[in-house]
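Residue numbers (our numbering): 56 to 526. Here is the structure we will look at, set down as structure tokens.
See the structure below:
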């Protein structure tokens, strides 16, 4: 009897070692590219760039955070900054800034691995899984998080979120104590990195449970996903209680939940219309694949894991693009669309019967993503070189004890960085600051400053900025 050589599945990379080598190579390609883009950007890009520099410097100095926030991303950045400082790679301030850059590039590139693993769980196909990992890294919204919008914590938290989903998938298939433990660990890391990543983690877990209940038509307390959700709820509740009581500085942005619900209930003008949403090709891609995913899940005999991923990702997509959210939140939610899209994509692709058709879909997505990826790779800090020169020049006029400086958003972080003094962008709180601090200053832009009151003293006029003493 002649033994037939097993047929390699469609769009499959046959060797496990080739797949591993491809993944490692892709990791270094994306790491080097992102590091190159960041390294060639002065300071740190985006409105929050100075925020990360100040946070990491304070960790290096004292081991604590300067601003209240979930800490994991900052300690990762501080680790790379510490390495640069110990090898004297750059002057000390640049060691801190470049530590943030390398840490960010490293964590973004690492996402190649969990995306591949999740895709492999769903498809058992190396080719689809590697292609999906590449598309994930190239999605413009991911690049926006990790570059021009300066939502660096959010970008770092994506790595922990993806590994959390990977282990939740494993729990849903064959629960082991190791998988349960690792799922809880990665949920904790996600919670201590960024609020939106944590929200998506909880959303996926809850939707997995709901899908299982509907699929089985009953609530089964022996369901490992349900047990995991209940255990996680208890642990997260305890964790947050401990942090609020003993380490409130680490709770940080979770206080934004209050303002979110206030804005949602009050309602705001300028809520984006459906036409605005549908004019963005990246949002259209997410909506299209969500519809396809739901149809695929309903019409085909879909395995339980793929069903959970497709339905959950589709529902999360429609939630994220919902136009009733306040504008600030709507933008942040929209930037998260790449996660459910790239998680549902393998489940859709594995239903495509012909390798040629699958390749066309992948290349089409590549052609949509690539221009946005390149465009998102261009950004500058919110301070100009002239403003930096002015900040150095006004330094002798500013006492450091019990002092606060008010300035426009974004610039105020760099004031703290360059002048090592407290700052704020809340001009509406000026009267309170006058009561609270011994020295109060305002930094205005030279060309666009408002009328300066007679009782205020102009101490410095530079090329771009004006320093005004209020008290």
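Ideal Cβ placement from N, Cα and C applies to all residues, glycine included.
Determine the extent of the beta strand (DSSP E) in which residue i is found, giving its start and end residues.
i, result
"residue 520", "520-524"
"residue 496", "494-500"
"residue 514", "512-516"
Strictly by DSSP, which residues pair up with residue i?
i, result
"residue 405", "Partner(s): none; residue 405 has no beta bridge."
"residue 479", "461"
"residue 436", "101"
Please work out which residues of its chain come closer than 7 Å, Cβ to Cβ, to residue i, disregarding the five sequence neighbours upstream and downstream, and give them in chain order.
i, result
"residue 445", "517, 518, 519, 520"
"residue 263", "223, 227, 280, 363, 367"
"residue 139", "145, 150, 153, 154"
"residue 199", "390, 431"
"residue 424", "190, 193, 194, 195"
"residue 167", "78, 81, 82, 85, 188, 192"
"residue 171", "78, 184, 185, 188"
Between which two residues does the alpha helix (DSSP H) harbouring residue i extend?
i, result
"residue 441", "440-449"
"residue 259", "250-271"
"residue 467", "466-474"
"residue 488", "485-491"
"residue 504", "First-last for residue 504: undefined, no H or E at that position."
"residue 275", "That residue, residue 275, is in no alpha helix (DSSP H); it is neither H nor E in DSSP."
"residue 186", "181-193"
"residue 380", "Looking at the DSSP string, residue 380 is not in any alpha helix (DSSP H), and its letter there is neither H nor E."
"residue 426", "410-431"
"residue 335", "That residue, residue 335, is in no alpha helix (DSSP H); it is neither H nor E in DSSP."
"residue 356", "Taken as a continuous stretch (DSSP letters only), residue 356 belongs to no alpha helix (DSSP H), as it is neither H nor E."
"residue 231", "Residue 231 -> no alpha helix (DSSP H), and no H or E assigned at all."
Here's a check: name, in chain order, each residue in its chain whose Cβ is nearer than 6 Å to the Cβ of residue i, leaving out the five neighbours to either side.
i, result
"residue 508", "none"
"residue 488", "459, 495"
"residue 85", "164, 192"
"residue 212", "245, 248, 249, 252"
"residue 57", "Residue placement at residue 57 cannot be trusted, given a pLDDT of 47 that sits under 50; what the coordinates show is reported in the next sentence. Correct list: empty, nothing qualifies."
"residue 465", "102, 437"
"residue 450", "474"
"residue 352", "362, 365, 366"
"residue 335", "none"
"residue 420", "190"
"residue 148", "none"
"residue 71", "none"
"residue 237", "222"
"residue 477", "459"
"residue 135", "154, 157, 158"
"residue 284", "260, 264"
Leaving out five residues before and five after residue i in sequence, what residues of the same chain have Cβ atoms less than 8 Å from its Cβ?
i, result
"residue 435", "96, 97, 100"
"residue 178", "184, 401, 402, 404, 405"
"residue 61", "Here the model assigns residue 61 a pLDDT of 45, short of 50, so the residue's position is not dependable, and the following value carries that caveat. So no residue of the chain qualifies."
"residue 59", "Its pLDDT being 46, under 50, residue 59 is placed unreliably in this model, and the coordinates cannot settle the point."
"residue 121", "109, 110, 112, 113, 471"
"residue 347", "403"
"residue 210", "159, 162, 163, 197, 200, 201"
"residue 527", "Any question about residue 527 goes unanswered here, given that the chain covers just 56 to 526."
"residue 447", "473"
Say whether chain D places a C-beta atom closer than 8 Å to the C-beta of residue i.
i, result
"residue 339", "This model lacks chain D altogether; it includes just one protein chain."
Item to complete: Please determine if the stretch 378-398 and the stretch 185-193 are in contact, where contact requires at least 3 C-beta pairs separated by less than 8 Å.
Response: Short answer: they touch.
Worksheet item: Are the stretch 90-108 and the stretch 460-477 touching by the rule of at least three beta carbon pairs closer than 8 Å?
Response: Because the criterion of three Cβ pairs below 8 Å is met, the stretch 90-108 and the stretch 460-477 touch.
Worksheet item: Between the stretch 123-136 and the stretch 244-252, are three or more C-beta pairs nearer than 8 Å?
Response: Yes, since at least three Cβ pairs between the stretch 123-136 and the stretch 244-252 fall closer than 8 Å, the two stretches touch.
Worksheet item: Touching or not, the stretch 192-202 and the stretch 116-125, by the rule of three or more beta carbon pairs under 8 Å?
Response: Judged by Cβ distances under 8 Å, the stretch 192-202 makes no contact with the stretch 116-125, as fewer than three pairs qualify.
Item to complete: Scan the stretch 91-167 and note each continuous alpha helix (DSSP H) run of 4 residues or more that stays entirely inside, going in chain order.
Response: DSSP runs (the alpha helix (DSSP H)) wholly in the stretch 91-167: 104-117, 127-141, 147-165.
Item to complete: Tell me, please, whether the stretch 136-154 touches the stretch 381-393 by the rule of three or more beta-carbon pairs shorter than 8 Å.
Response: Taking a cut-off of 8 Å on C-beta distances, the stretch 136-154 does not touch the stretch 381-393, as fewer than three cross pairs fall below it.
Worksheet item: Per the contact definition of three or more C-beta pairs closer than 8 Å, is the stretch 85-94 in contact with the stretch 159-175?
Response: As far as the Cβ criterion goes, the stretch 159-175 touches the stretch 85-94, which means the pair count is three or higher.
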